[in-house]
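Residues in the sequence shown are numbered from 0 upward in steps of one, following numbering that gives the first Met the number 0. Even for Gly, the Cβ is constructed at its ideal location relative to N, Cα and C. Please read the structure below before turning to the comments.
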Amino acid sequence: MTHAWLDGYQQRVDAALDRWLPEARVAPSHLHEAMRYAVLGPGKRVRPALCYATGDALGIPLERLDGPACAVELIHAYSLVHDDLPAMDNDDLRRGRPTCHRQFDEATAILAGDALMALAFRILAHDPAMVEDPATRLEMINLLATACGSRGMVGGQSLDLAAEGKPIERSELEYIHIRKTGALIHTSVMLAALSSETATARQREHLEHMAKQIGLAFQIQDDVLDVTGDTDTLGKTGGRDIERNKATYPGIMGLKPAQELALELHQQALEALAPFGDHARPLRLLCNYLMHRDT
Ligand code: GRG
Numbered sequence: 000m001t002h003a004w005l006d007g008y009q010q011r012v013d014a015a016l017d018r019w020l021p022e023a024r025v026a027p028s029h030l031h032e033a034m035r036y037a038v039l040g041p042g043k044r045v046r047p048a049l050c051y052a053t054g055d056a057l058g059i060p061l062e063r064l065d066g067p068a069c070a071v072e073l074i075h076a077y078s079l080v081h082d083d084l085p086a087m088d089n090d091d092l093r094r095g096r097p098t099c100h101r102q103f104d105e106a107t108a109i110l111a112g113d114a115l116m117a118l119a120f121r122i123l124a125h126d127p128a129m130v131e132d133p134a135t136r137l138e139m140i141n142l143l144a145t146a147c148g149s150r151g152m153v154g155g156q157s158l159d160l161a162a163e164g165k166p167i168e169r170s171e172l173e174y175i176h177i178r179k180t181g182a183l184i185h186t187s188v189m190l191a192a193l194s195s196e197t198a199t200a201r202q203r204e205h206l207e208h209m210a211k212q213i214g215l216a217f218q219i220q221d222d223v224l225d226v227t228g229d230t231d232t233l234g235k236t237g238g239r240d241i242e243r244n245k246a247t248y249p250g251i252m253g254l255k256p257a258q259e260l261a262l263e264l265h266q267q268a269l270e271a272l273a274p275f276g277d278h279a280r281p282l283r284l285l286c287n288y289l290m291h292r293d294t
């Protein structure tokens, strides 16, 4: 991610993911190989970085957050594998490489996604390094399950597919985006907040506000990059939203207003971090990176 701090988070979660993912030589090898391919490819690891950076803002030992960081990245990787399938976006390219179903086959990609989701919940239930209190663990599992279920990411995806080719209002688009992308980003921050024994209710409110603003800004930026980015830099096929007649922020409000809205949300996210002072430096760096990324 270009900053030593953020690169450190990336390396940390990659090492933890490598430990949790079954080895490719263990049966069923083909499935395990596909799971590792889908997760360990060159992604940005934004959601784990948000989890660790929130931990740094709250003074939490980072080993306590390896489990939650892996869980959100595994859910994210599964969602990308399924999103790329012929039944959904039918994409050939992801993270600069063939999509999982192109590299393996469709059935293997579906099963790899299923197994990645199961592994995410196994980690939250089982990781001995995480917060010990059983009630907190249960709350974390509930939070992630809600964020990725029919009232969160999967629901958002369902509405997004149903809206293809139809004119929709900005409020409807926001409703979809908050679920499809925002819910997991929000959860990445809140799993870390739940891991703190000392965070105050006020601190959690500030973090929650920051997560909501940055989650929506991230998706708007994704819509913008689909218009302005090129396939080589993005590592996925650019211009797909227009091709599929998808509702996007630039499509509904114009490119420049969409860019301005993302910046405004970014600014509000930074304001929510003010009470954390210097402890929130990694979170600020991350918010800035998310706004100025080109991939
Ligand atoms: C199929 C259950 C299911 C859900 C799909 C997240 C999602 C829901 C689909 C992905 C489609 C998409 C491009 C959404 C826009 C925002 C987004 C999630 C972008 C990709 O995330 P990055 O930029 O990817 O964090 P990397 O590769 O860096 O991890």
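Where residue i falls, given that 16 or more other Cβ within 10 Å makes a residue buried
| i | result |
| --- | --- |
| ARG150 | exposed |
| PRO67 | buried |
| ILE241 | exposed |
| ARG24 | exposed |
| GLU22 | exposed |
| SER170 | exposed |
| SER28 | exposed |
| PRO249 | buried |
Contacting residues, own chain, Cβ-Cβ under 7 Å from residue i (five flanking each side not counted)
| i | result |
| --- | --- |
| ASP55 | HIS278, PRO281 |
| SER78 | MET152 |
| LEU110 | LEU30 |
| HIS75 | ARG46, LEU183 |
Check: residue i C-beta below 7 Å from any heavy atom of the ligand GRG
| i | result |
| --- | --- |
| HIS125 | no |
| GLN218 | yes |
| GLN156 | yes |
| LEU264 | no |
| ARG150 | no |
| ARG94 | yes |
| MET308 | Limits of the chain in this structure are 0 at one end and 294 at the other, which puts residue 308 out of reach. |
Own chain, CB closer than 6 Å to residue i, minus 5 neighbours either side, in chain order
| i | result |
| --- | --- |
| ILE213 | ALA268, CYS286 |
Alpha carbon of residue i to alpha carbon of residue j, nearest angstrom
| i | j | result |
| --- | --- | --- |
| ALA182 | LEU264 | 16 Å |
| PRO41 | ARG94 | 6 Å |
| PRO295 | ASP65 | The structure shown does not extend to residue 295, since the chain spans only 0 to 294, so no value can be given for it. |
| ALA198 | ASP13 | 27 Å |
| LEU92 | THR232 | 12 Å |
| ASP355 | THR145 | As displayed, the chain neither begins before 0 nor continues past 294, which places residue 355 out of reach and without an answer. |
| CYS147 | GLU163 | 21 Å |
| ALA26 | VAL130 | 31 Å |
Other residues of its chain near residue i: CB distance less than 8 Å, five sequence neighbours each side excluded
| i | result |
| --- | --- |
| ASP113 | TYR77 |
| LEU61 | ARG11, TYR51, GLY54, ASP55 |
| MET116 | LEU73, ILE74, TYR77, CYS147 |
Nearest residue (CA-CA) to residue i, options the options
| i | options | result |
| --- | --- | --- |
| ASP222 | THR98, THR294, ALA271, GLY164 | THR294 |
| ALA48 | VAL71, ALA37, PRO97 | VAL71 |
| LEU172 | MET189, ARG121, ARG203, ALA216 | ALA216 |
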